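J.: First residue of the first sequence: 1, per the numbering used here; consecutive thereafter. The beta carbon of each residue, even a glycine, is placed where N, CA and C say it ideally should be. Keep in mind that this is a model prediction, so the values were computed, not measured. What follows is a structure written as structure tokens; I'll ask about it next.
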Amino acid sequence: MSAEQVSFLDRKLAAGPYPLDTLRHSTAHLMASAVQKLWPGTRFGVGPSIEHRFYYDFAFPEGVRLTDEDLPRIEQEMRRIANEKRPFSCTTVSRDEAKQRLAAMGQPYKLEILSGILEGEPITFYSHGDWQDLCEGPHVASTEQLKHFKLLSVAGAYWRGDEKRDQLTRLYGTAFWSKDDLDSYLAYLEECEKRDHRTLGRSLDLFSIHPEVGPGFIFWHPNLAIPRRAIEEFWWSEHQRRGYQPVYTPHLASEELFKVSGHLQNYGDLMYSPMDIDGQNYRVKPMNCPGHIKIFQSQIRSYRDLPIRYAELGTVYRYERSGVLHGMLRVRGFTQDDSHIFCTHEQLEGELVGVLELVKFLVRTFGYQFRAYLATRPEKSIGGNEVWEHATRALGNAAERTGISTEVDPGGGAFYGPKIDFKLKDALGREWQGPTVQCDFNLPERFALEYVGKDNLRHRPVMVHRAVLGSFERFVGGLVEHFSGRFPLWLSPVQIALIPIKDEQEEYCRSLRETLVFEGFRAQVYAQGTNLNQRVKAAQQDQVPYMAVCGGREVESKAVSLRLRTGENRGAMSFESFVAMLKEKRAAKALDL
RNA sequence: GCCGGUGUGGCUCAAUGGUAGAGCACCUGCCUUGUAAGCAGGUGGUUGCGGGUUCGAUUCCCGCCGCCGGCUCCA
Numbered sequence: 001m002s003a004e005q006v007s008f009l010d011r012k013l014a015a016g017p018y019p020l021d022t023l024r025h026s027t028a029h030l031m032a033s034a035v036q037k038l039w040p041g042t043r044f045g046v047g048p049s050i051e052h053r054f055y056y057d058f059a060f061p062e063g064v065r066l067t068d069e070d071l072p073r074i075e076q077e078m079r080r081i082a083n084e085k086r087p088f089s090c091t092t093v094s095r096d097e098a099k100q101r102l103a104a105m106g107q108p109y110k111l112e113i114l115s116g117i118l119e120g121e122p123i124t125f126y127s128h129g130d131w132q133d134l135c136e137g138p139h140v141a142s143t144e145q146l147k148h149f150k151l152l153s154v155a156g157a158y159w160r161g162d163e164k165r166d167q168l169t170r171l172y173g174t175a176f177w178s179k180d181d182l183d184s185y186l187a188y189l190e191e192c193e194k195r196d197h198r199t200l201g202r203s204l205d206l207f208s209i210h211p212e213v214g215p216g217f218i219f220w221h222p223n224l225a226i227p228r229r230a231i232e233e234f235w236w237s238e239h240q241r242r243g244y245q246p247v248y249t250p251h252l253a254s255e256e257l258f259k260v261s262g263h264l265q266n267y268g269d270l271m272y273s274p275m276d277i278d279g280q281n282y283r284v285k286p287m288n289c290p291g292h293i294k295i296f297q298s299q300i301r302s303y304r305d306l307p308i309r310y311a312e313l314g315t316v317y318r319y320e321r322s323g324v325l326h327g328m329l330r331v332r333g334f335t336q337d338d339s340h341i342f343c344t345h346e347q348l349e350g351e352l353v354g355v356l357e358l359v360k361f362l363v364r365t366f367g368y369q370f371r372a373y374l375a376t377r378p379e380k381s382i383g384g385n386e387v388w389e390h391a392t393r394a395l396g397n398a399a400e401r402t403g404i405s406t407e408v409d410p411g412g413g414a415f416y417g418p419k420i421d422f423k424l425k426d427a428l429g430r431e432w433q434g435p436t437v438q439c440d441f442n443l444p445e446r447f448a449l450e451y452v453g454k455d456n457l458r459h460r461p462v463m464v465h466r467a468v469l470g471s472f473e474r475f476v477g478g479l480v481e482h483f484s485g486r487f488p489l490w491l492s493p494v495q496i497a498l499i500p501i502k503d504e505q506e507e508y509c510r511s512l513r514e515t516l517v518f519e520g521f522r523a524q525v526y527a528q529g530t531n532l533n534q535r536v537k538a539a540q541q542d543q544v545p546y547m548a549v550c551g552g553r554e555v556e557s558k559a560v561s562l563r564l565r566t567g568e569n570r571g572a573m574s575f576e577s578f579v580a581m582l583k584e585k586r587a588a589k590a591l592d593l
């Protein structure tokens, strides 16, 4: 399935007599009743509908452990119960009555939920057949309507998301109003799995992780390091033309630095233990900002110097619990495309405009759509009202001036300032965490940053943290999935495969390669294997965008026979026009071939 | 970290309480080829690590490590 055809997330789903959430929640009830039937004595947690899916948490009787293999059994039981065509019915009861019922049913978690229901709110039970559950509903009319569902996975989950409390078994499933939608969703899940950057990372030789070296640390192979470098070069040239200055900062710093910055106090959990150097504690940096601040502070700054924009591809290390590591997307060491802008309050809005323009440009180059969220002041925060208002307004204005529509995320800001976060939408319609632009009133304060104003007095600058790609690990891992391993020309590790039909044409291919390499292209002669099919196959498997097949005819006319990795065969074209086309596609960073 | 699952040659996977097998990849030879798998042969594994049960374990049990699905958190 190609990205263009994968449309589940954009698909208009069949409507039923009730909203999908209701359908799914009812299916969760159905699942719970089936589980109850199969494992009497099971206690129930919660069973809500979530995006695309539903789940229900269970505490199974002593000794019962569920695995994926149990899912078909449960599904079967669900279908059996559904076929009984029982209506869902609702009864409102008094608190005492509810307590009695739940106690009789032996449902401690439900009792806890009951105690959380506020006085005056209705207490309702929903039942189908002889199964009932404390639930606020709503539900579909009858189990008869529950047809197109599928159980997906079993996992652990803490009661109320609190790791100090019981661990329950969570069953995930999904349900739709039409078989078509269900199939389409399952196909979508399959496509996601196929695109998984860990799978592609293996088959395309992109990266590796070596547990014996350390989990959560990425080794970039040439096939991924090449696109990364292309991105870095692009990234840097775009920053340079926008007045950013490069800086480099050390990976180790005296612990004192992180005490001043507050990271040690606030983010101590994610920092690695100190190492002793000459009796002094040092830490590996978890963030780049303190380093940039020290550069800012290395001399007295005048208002004439501002704004100062420092940019660094800064590698940081953060402790992540072993269970959360995930390929390139969640790691313990990563390189941020970090930048810090020091400016006056008056300059803030203009600076933000510049950042947002850059964000828009970079993100679109990769073919992502995005959504922006303006996160405002949270309850726990520092700084005066007028400062917050000014910065929040600056963010809003900047978004408006750059034509970026934002949704407001009330109270979602950092404690140190408001921000705009971007969510990227990939080729499958999935959302990824994207760029972030954050105003910071805290660090300038903690480090007592100053510049000398026109009035010859000391003033405190504003600081803007911003990352466009986020981290190279996560961003490129995401790109692999976005492109399904088929990078556009400008990113492809091998851009052109020169394929001799017979060994006689190998020399010709080598000479074309030389020209291409001279022109700055990454070209390889595919002479492995023993026949054309094998060579084409190898180039296809490597996802090389352009295959230049060369036989006797091509040699004679100084041409190539062009095949795209899409399978399209464009036939013969002169080598000269081939190179011209490549140059054009490369310069445009074209997403198509 | 926690719950559950899982760990066999480079990759994907099979098998068995009696010291492992296939496909792909790789190597060699034949074929000299017009757009995704030509033919034949061959190399390669102390079955994640440690311990236990057993006459004997890769297969059963325990511990550790990694990985996978989640919980929580984030770039």
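Nearest to glutamate 163 by CA position, among Gly323, Lys259 and Ser94, is which residue?
T.: That would be Gly323, whose Cα lies nearest to the Cα of glutamate 163.
J.: Note the first and the last residue of the continuous alpha helix (DSSP H) segment covering methionine 573.
T.: Not the alpha helix (DSSP H): methionine 573 falls in the beta strand (DSSP E), residues 569-574.
J.: Within 10 angstroms of its Cβ, does glutamate 481 collect 16 or more other Cβ (buried), or is it exposed?
T.: buried
J.: With distance defined between alpha-carbon atoms, name the residue in Gln347, Leu224 and Val355 nearest to serine 339.
T.: Nearest neighbour of serine 339 by Cα position, chosen from Gln347, Leu224 and Val355, turns out to be Val355.
J.: Do arginine 165 and alanine 157 have their C-beta atoms closer together than 8 Å?
T.: no
J.: Using 7 Å as the cut-off, classify the Cβ of glutamate 445 as near or not near the heavy atoms of the ligand ATP, replying yes or no.
T.: Questions concerning the ligand ATP fall outside what the structure shown contains, since it holds no ligand whatsoever.
J.: Starting from glutamate 312, trace the beta strand (DSSP E) in both directions and tell me its first and last residue.
T.: 308-317 is the extent of the beta strand (DSSP E) around glutamate 312.
J.: Please state whether the Cβ-Cβ distance between arginine 425 and glutamine 369 is less than 8 Å.
T.: With the sequence shown as reference, residue 425 is identified as lysine, and arginine is not the correct amino acid for it. Taking 8 Å as the Cβ cut-off, lysine 425 and glutamine 369 qualify as a contacting pair.
J.: Measuring alpha carbon to alpha carbon, tell me which residue in Ala155, Glu576, Ser484 and Glu233 is nearest glutamate 193.
T.: Ser484
J.: If you count every other CB in all the chains shown that lies within 10 Å of the CB of asparagine 223, and 16 or more means buried, which is it?
T.: With 16 or more other Cβ atoms within 10 Å, it is buried.
J.: Can you give the Cα-Cα distance for arginine 401 and glycine 413, rounded to whole angstroms?
T.: Using only the alpha carbons, I get a separation of about 21 Å.
J.: Pull up the CB-CB distance for lysine 255 and proline 274, whole angstroms please, since I reckon it's below 8 Å.
T.: The amino acid at residue 255 is misidentified as lysine; the sequence shows glutamate. Glutamate 255 to proline 274, Cβ: 6 Å. Contact.
J.: Using a Cβ-Cβ cutoff of less than 7 Å, which residues in the same chain neighbour histidine 197 once the five nearest sequence positions on both sides are dropped?
T.: Gly327, Met328, Gly477, Val480 and Glu481
J.: Can you give the beta carbon distance from leucine 264 to phenylalanine 258, rounded, assuming they're within the 8 Å contact cut?
T.: 4 Å
J.: Give me the Cα-Cα distance between methionine 1 and aspartate 542, rounded to the nearest whole angstrom.
T.: Interpretation of methionine 1 is limited by its pLDDT of 38, a score under 50 that renders its predicted location unreliable; the figure taken from the coordinates is listed afterwards. Rounded to whole angstroms, methionine 1 to aspartate 542 spans 18 Å at the Cα level.
J.: In terms of DSSP beta bridges, what is phenylalanine 207 paired with?
T.: Trp220
J.: Could you work out which residue in Phe125, Val555 and Arg460 is closest to serine 302 when comparing CA atoms only?
T.: Measuring from the Cα of serine 302, the nearest candidate turns out to be Arg460.
J.: Output needed for glycine 137: all residues of its chain with C-beta closer than 7 Å, excluding positions within five of it in sequence on either side, in chain order.
T.: Cys90, Thr124 and Tyr126
J.: To the nearest whole angstrom, what separates the beta carbons of histidine 139 and threonine 22, a pair I think is in contact under 8 Å?
T.: 6 Å
J.: Please list, in chain order, all residues of the same chain as valine 363 whose beta carbon is under 6 Å from its beta carbon, the five residues on each side excluded.
T.: Within the same chain, valine 363 has close Cβ partners Phe370.
J.: Please report the distance separating the alpha-carbon of arginine 283 from that of alanine 391.
T.: 32 Å
J.: From Asp133, Glu584 and Thr376, pick the residue whose C-alpha is nearest to that of proline 410; which is it?
T.: Thr376
J.: Secondary structure at alanine 527, three-state DSSP: helix, strand or coil?
T.: coil
J.: Here's the rule I'm using: 16 or more other beta-carbon atoms within 10 Å means buried, otherwise exposed. How should proline 493 be labelled?
T.: Proline 493 counts as buried, since at least 16 other C-beta atoms from the protein chains shown sit within 10 angstroms of its C-beta.
J.: Counting pairs of beta carbons, one from the stretch 465-474 and one from the stretch 167-187, are three or more of them closer than 8 Å?
T.: no
J.: Report the residue from Tyr451, Trp490, Asp70 and Phe578 whose alpha carbon sits nearest the alpha carbon of threonine 344.
T.: Tyr451
J.: Just grab the DSSP bridge partners of glutamine 280 for me.
T.: Ile277
J.: CB tyrosine 109 to CB arginine 43, shorter than 8 Å?
T.: yes
J.: Relative to the C-alpha of alanine 527, which candidate in Ser26, Val549, Glu519 and Arg446 has its C-alpha closest?
T.: Val549
J.: Once the 5 residues before and after serine 18 are set aside, which same chain residues still bring their CB inside 7 Å of it?
T.: Strictly speaking, residue 18 in this sequence is tyrosine, with serine absent from that position. Short of 7 Å from the beta carbon of tyrosine 18, and not among the five residues preceding or following it, lie these beta carbons of its own chain, in chain order: Val140.
J.: I want to know whether the stretch 543-563 touches the stretch 486-504 - three or more CB-CB distances under 8 Å.
T.: yes
J.: Is it right to say asparagine 533 is buried, meaning 16 or more other beta carbons lie within 10 angstroms of its own, or is it exposed?
T.: exposed
J.: Relative to the C-alpha of alanine 14, which candidate in Tyr55, Tyr185 and Asn83 has its C-alpha closest?
T.: Tyr185
J.: Expressed to the nearest angstrom, what Euclidean distance is found between the alpha-carbon atoms of glycine 106 and histidine 52?
T.: The straight-line gap from Cα to Cα measures roughly 31 Å.
J.: What is the DSSP secondary structure of methionine 1, reduced to helix, strand or coil?
T.: Below a pLDDT of 50, predicted positions are generally treated as unreliable, and methionine 1, at 38, falls in that range; no measurement from the model is reported.
J.: Quick one: measure Cβ to Cβ for leucine 449 and phenylalanine 296, integer angstroms, because I've assumed they're closer than 8 Å.
T.: 7 Å
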